[in-house]
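Okay, structure first, notes after.
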Amino acid sequence: VLHLDKYYYVAVAQLEEQFPSKKLVTGSSPVSNTICMKQPFCKYCKLTFDNLNTNQRANHSRWCEKNPKRNYYICTLTKARAAKTNYENQFTKAKREGREVPVSPNKGKVGSFAGKTHSFETKQKMKEKALASSHRRLKKGTLLYKGVLLDSSWELELAKRLDELNVEWLRPDPIKWLDQTGTSHNYFPDFYIPEWDLYLDPKNPQAVRVQQHKLNMLLTQYPNIRILTTLEECKNFKI
Ligand SMILES: [Zn+2]
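If you count the sequence shown from 1, you need to add 3 to reach the working numbering.
Below, the structure written as structure tokens:
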């Protein structure tokens with residue numbers, strides 16, 4: 004400790020000599036006309052700080068058992084923690100006192116729901132709304148062809164083929180189908196050809212396998228849906 008003290012004061016003396024007009028301070032935030040230097044040891048217990056960064060040095064010094072202000076800091080922290088547990092705002096206070104709880108001005112605004120979870124009832128409502136929605140979900144890799152959004156290269160080839168055949172086609176509204184429990188679902192076929200009352204749906208064999216059960220139910224309820232399972236079928240589509 005002694006020799007460290009010695010080096011410390013040598014360093015201080017050197018800096019003072021180098022910058023005679025500046026005041027030497029320890030700590031991390033330099034203000035004008037000061038030179039900051041890292042104190043190499045705890046000023047209370049003389050622990051060497053060699054492997055500690057500035058924050059760790061400050062933290063040790065603050066909570067050092069030899070620091071005379073340590074008890075005061077602990078008291079402050081304990082009070083702050085207690086205040087946090089009994090934390091109240093106008094809403095929690097009104098609730099505790101049985102008064103009418105004021106409505107937050109942020110209620111319903113974007114961001115005001117962050118960090119909370121939906122109740123079971125809300126989740127059910129959201130699910131019902133999503134199922135009832137007639138919006139086609141956007142997928143990545145969406146292509147624009149003659150003003151129509153297409154989801155894949157297969158769809159693009161089929162659209163070109165239908166144009167080649169001079170057949171009018173459109174993106175149909177979703178159709179409703181029922182699963183075995185009687186729950187209604189939306190299905191979004193890719194193409195509808197009014198002239199033939201036919202739905203066309205390019206779908207790769209893997210997707211067909213994964214959705215086999217659903218597709219069986221769907222095709223039973225809508226015999227006028229045709230699934231195209233290869234790119235060739237899309238390119239060379241024939242009625
Ligand atoms: Zn210390």
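Ideal Cβ positions, reconstructed from N, Cα and C, are used throughout, including at glycine.
If the criterion is Cβ atoms closer than 8 Å, does the pair residue i and residue j meet it?
{"i": "residue 148", "j": "residue 161", "result": "no"}
{"i": "residue 190", "j": "residue 180", "result": "yes"}
{"i": "residue 94", "j": "residue 108", "result": "no"}
{"i": "residue 231", "j": "residue 197", "result": "no"}
{"i": "residue 234", "j": "residue 172", "result": "no"}
{"i": "residue 240", "j": "residue 153", "result": "no"}
{"i": "residue 74", "j": "residue 47", "result": "no"}
{"i": "residue 211", "j": "residue 203", "result": "no"}
{"i": "residue 50", "j": "residue 63", "result": "yes"}
{"i": "residue 201", "j": "residue 169", "result": "no"}
What does residue i pair with, by DSSP beta-bridge criteria?
{"i": "residue 204", "result": "230"}
{"i": "residue 251", "result": "No information on residue 251 is available, as it lies outside the stretch 4 to 242 that the chain covers here."}
{"i": "residue 173", "result": "195"}
{"i": "residue 168", "result": "Looking at the DSSP assignment, residue 168 forms no beta bridge with any residue, so it has no partner."}
{"i": "residue 44", "result": "51"}
{"i": "residue 153", "result": "146"}
Residue i and residue j look like a contact to me (Cβ under 8 Å); what is the Cβ gap, rounded to whole Å?
{"i": "residue 175", "j": "residue 195", "result": "4 Å"}
{"i": "residue 60", "j": "residue 52", "result": "5 Å"}
{"i": "residue 129", "j": "residue 182", "result": "That pair is no contact at about 19 Å."}
{"i": "residue 45", "j": "residue 67", "result": "5 Å"}
Measuring from the CB of residue i, is there a heavy atom of ligand 1 at a distance below 7 Å?
{"i": "residue 47", "result": "yes"}
{"i": "residue 121", "result": "no"}
{"i": "residue 72", "result": "no"}
{"i": "residue 64", "result": "yes"}
{"i": "residue 246", "result": "This structure cannot settle anything about residue 246, because the visible part of the chain is limited to 4 through 242."}
{"i": "residue 50", "result": "yes"}
Which parts of the segment 73-151 are runs of the alpha helix (DSSP H), unbroken and 4 residues or longer, counting only runs that do not cross its ends?
73-88, 93-99 and 123-135
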